[in-house]
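S.K.: Supplied in structure tokens, the structure appears directly below.
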Amino acid sequence: MKLYNTLTKKVEDFIPYEEGKVKLYTCGPTVYHYAHIGNIRNYIGHDILDKTLRYLGYDVTRAMNITDVGHLTSDSDSGEDKMEVAKKREHKSAMEIAKFYTDAFFVDFGMVNCRVPEIVSPATENIDEYIKIITKLLETDYAYQSGGNIYFDISKLDNYYCLTNQDSNLVIGAREGVEEDSNKRNQADFALWFTTSKFENHELLWDSPWGKGYPGWHIECTGISIKYLGEHLDIHGGGVDNIFPHHTNEIAQSEAYLGHKWCNYWFHNEHLLDESGKMSKSKGGILTVSVLKEQGYDPIAFRFMCLGSHYRKQLMFSYDNLEQAQNTLNKLKKRVNLLKENGELDKELFDLYVSKFKEQLENDLNTSNALTVLYEVLKDDKLNDTTKIKLIEDFDKVLSLNLIVEEESIDSDLDKEIREKIEERKEAKANKDYALADQIRDDLASKGIKLIDTKDGTTYEIIKD
Ligand code: AMP
Ligand code: ZN
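Anchor point for the sequence shown: position 261 equals 246 in the working numbering, and the numbering is continuous, going up by one each time.
In structure tokens, the structure reads:
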């Protein structure tokens, strides 16, 4: 398997630390708000990685944190804890906010068929681990106490900027808007532990050898990863905005603590953009998978749209693109569901197509080419339907597009949707809003659904393509 590694800036052969086993870590959501569809794109990218590794036969153990403390609005050490921002907005306790948005996250995560990692751990449940690591970093002089806080001293490392090569725009971009902190020896040092000397009204506080306080954001991923996955991590990932400062700081503190290399492969997903640029929770007006579903889209169409592009390319979200993905997916599902088992599995051809499919995924997760292999299967006259069905079932272990479903369930969902539209159109007519009534009819027509008005009401016909 070949995978792009942010650490070396190359596509490399993936070789796990322990043969046949993979320890995989994903940076989880900050649960101060809903996860927008950009965040979910990132988790779909990780899901494909996770499922591809399993498909290739690796024994994968995957962990993900839930950030419920310590992530400040700047991504660095200035600003306010995002959970405190949410508390003011919603007049609830930090733990109530965390619970609500964690539950909402997993609903959306499940709707796009993402597999839940073996280990999911909230930052607030691993405080002892952070204290243990910080204590050792202080003993070995990698960390220092100043103004009540504990900071990591980046001057103690030869290659702190190993992920970004220092001159990268990522570093400069991330530094914008970050206030000077006179407690730091070097402004690039970062906080491991805050005491109340810095943020007086913080709700979540724990006793520590340095006074009551709370952990910095970066230490949580180091702590959770080492606690659950051990001292050697194979792959660690997040979105590209995590490269600096978050992952840079994770590497610094983890390797200083362990005294050896920690993680061999760094996996980063590009962003989902909208017309205004990178989607972000702090901008407000958050578009979620649940909202897309309420608007009548199939969440799996969003997954399909993501798989059509490479995880290392930016992807532009628009309703047009989503609609197109939805139509293509519906057509694909219809074609798949027309297949009827007819004879023996052709093992030779089955293996040939499985190896073609694997080849695309092994090439740095080329999901769009993997989808092309799926279309080749459908088109190939040498394959009987039984073999096609078995291949599609097999590919869907990674793609997770619900390609093989009972015909009845697609039809009944579609039927319900169309009947709702017919009702809306009837109401529009009753209100003399003929423009809306016509628009509803035209929208359905563009999806191949023709409305037929009769004296007993409206029925419909699906125009086959
Ligand atoms: P957060 O909940 O803000 O901590 O973000 C969760 C994950 O989503 C992080 O790994 C981010 O890098 C990633 N992310 C944030 N914004 C986007 C975006 N617009 N597109 C894709 N991934 C994103
Ligand atoms: Zn993280």
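Even for Gly, the Cβ is constructed at its ideal location relative to N, Cα and C.
The model shown is predicted, which means the values in this text are computed figures rather than measured ones.
Closer than 7 Å by C-beta to A237: which residues in its own chain qualify, once you throw out the five before and the five after it? Chain order, please.
M.R.: F137, I139, L142 and Y145
S.K.: Under 7 Å from any heavy atom of the ligand AMP, does the C-beta of D143 make it?
M.R.: no
S.K.: Tell me whether N50, by its Cβ, gets closer than 7 Å to a heavy atom of the ligand ZN.
M.R.: Relative to the non-hydrogen atoms of the ligand ZN, the Cβ of N50 comes within a distance shorter than 7 Å of at least one.
S.K.: In chain order, what residues place their C-beta within less than 5 Å of a heavy atom belonging to the ligand AMP?
M.R.: C12, P14, T15, G23, N24, R26, N27, G223, G224, D226, N227, H256, L257, K263 and M264
S.K.: Report yes if the C-beta distance between E255 and Y115 is below 8 Å; otherwise report no.
M.R.: Using a Cβ distance threshold of 8 Å, E255 and Y115 do not count as a contacting pair.
S.K.: Among residues of its own chain, excluding the 5 on either side of E110, which ones have a beta-carbon nearer than 7 Å to its beta-carbon?
M.R.: none
S.K.: Excluding the 5 residues flanking E69 on each side, which residues of the same chain have their C-beta closer than 6 Å to its C-beta?
M.R.: none
S.K.: Compute every distance between the C-beta of C99 and the non-hydrogen atoms of the ligand ZN, then say whether any falls below 7 Å.
M.R.: no
S.K.: Could you check if R426 is buried or exposed, using at least 16 other CB atoms within 10 Å of its CB as the buried criterion?
M.R.: Buried is the call here.
S.K.: Can you give me the Cβ contacts of I157 inside the same chain, cut-off strictly under 6 Å, excluding the 5 residues immediately before and after it?
M.R.: Residue placement at I157 is poorly supported in this model, since its pLDDT is 49, which falls under 50; the coordinates still yield a value, given next. Hits under 6 Å: none found.
S.K.: Could you check which residue in K84, G208, K414 and H221 has the C-alpha nearest to that of L9?
M.R.: Closest in C-alpha terms to L9, from the list K84, G208, K414 and H221, comes H221.
S.K.: In the DSSP assignment, find the alpha helix (DSSP H) that holds F380 and state where it starts and stops.
M.R.: D370 to L384
S.K.: With a CB to CB cut of under 7 Å and the five nearest residues on each side skipped, what residues in its chain are close to E378?
M.R.: I389
S.K.: So for S294, helix, strand or coil by DSSP?
M.R.: S294 falls in the coil class under three-state DSSP.
S.K.: Candidates K72, R100 and Y86: which alpha carbon is nearest K36's?
M.R.: R100
S.K.: Applying the 10 Å Cβ sphere with the 16-neighbour rule, what's the burial state of Q345?
M.R.: Only buried fits Q345, as 16 or more other CB atoms lie within 10 angstroms of its CB.
S.K.: Below 8 Å, how does it come out for the segment 368 to 376 and the segment 326 to 341: are there three or more Cβ pairs, yes or no?
M.R.: yes
S.K.: Can you tell me the Cβ-Cβ gap for T180 and T233, rounded? I've got them flagged as a contact below 8 Å.
M.R.: Not a contact, Cβ separation roughly 24 Å.
S.K.: Given this structure, state the Cα-to-Cα distance separating S193 from G201, to the nearest angstrom.
M.R.: 13 Å
S.K.: How long is the line joining the alpha carbons of P102 and I51, rounded to whole angstroms?
M.R.: Just so you know, the alpha carbons of P102 and I51 end up roughly 12 Å apart.
S.K.: Do you know how far the Cα of Y242 is from the Cα of K121?
M.R.: 7 Å
S.K.: So, for A481: in the same chain, excluding its five sequence neighbours on each side, which residues have a beta-carbon less than 6 Å away from its beta-carbon?
M.R.: Outside the displayed range of the chain (-14 to 450) lies residue 481, so it cannot be described from this structure.
S.K.: Compute every distance between the C-beta of H231 and the non-hydrogen atoms of the ligand ZN, then say whether any falls below 7 Å.
M.R.: yes
S.K.: Is it buried or exposed, K(-6), if we count other Cβ atoms within 10 angstroms and call 16 or more buried?
M.R.: exposed
S.K.: Look at the alpha carbon of I407 and the alpha carbon of L307, and state the distance between them as a whole number of angstroms.
M.R.: 23 Å
S.K.: Since D66 and G55 are thought to touch, with beta carbons under 8 Å apart, how far apart are those beta carbons, to the nearest angstrom?
M.R.: 6 Å
S.K.: Assuming V257 contacts G23 under a Cβ cut-off of 8 Å, what Cβ separation, rounded to an integer in Å, is found between them?
M.R.: For clarity, residue 257 is Leu in the given sequence; the question names Val instead. Sure, about 4 Å apart at Cβ, within 8 Å.
S.K.: Helix, strand or coil for Q130 per DSSP?
M.R.: strand
S.K.: Quick check: does the Cβ of C147 come within less than 7 Å of any heavy atom belonging to the ligand ZN?
M.R.: Within the chosen limit of 7 Å, the ligand ZN does not reach the beta carbon of C147 with any heavy atom.
S.K.: Comparing the CB of C206 with every heavy atom of the ligand ZN, is any distance shorter than 7 Å?
M.R.: yes
S.K.: Pop quiz: L363 and G293 are said to be a contact at Cβ under 8 Å. What is the actual Cβ separation, rounded to whole angstroms?
M.R.: Going by Cβ atoms, the distance from L363 to G293 rounds to 16 Å, so no, they are not a contact pair.
S.K.: By the three-class DSSP mapping on this structure, what secondary structure does R100 have?
M.R.: coil
S.K.: Counting only the same chain and skipping the five closest in sequence on each side, list residues whose C-beta sits under 8 Å from that of N354.
M.R.: Q345 and N348
S.K.: In whole angstroms, give me the CA-to-CA distance for N171 and N134.
M.R.: Roughly 14 Å separates the two Cα atoms.
S.K.: Tell me whether M264 sits in a helix, a strand or coil according to DSSP, three-state version.
M.R.: Here M264 sits in coil by DSSP.
S.K.: Y282 to V274, Cα distance in whole Å?
M.R.: 9 Å
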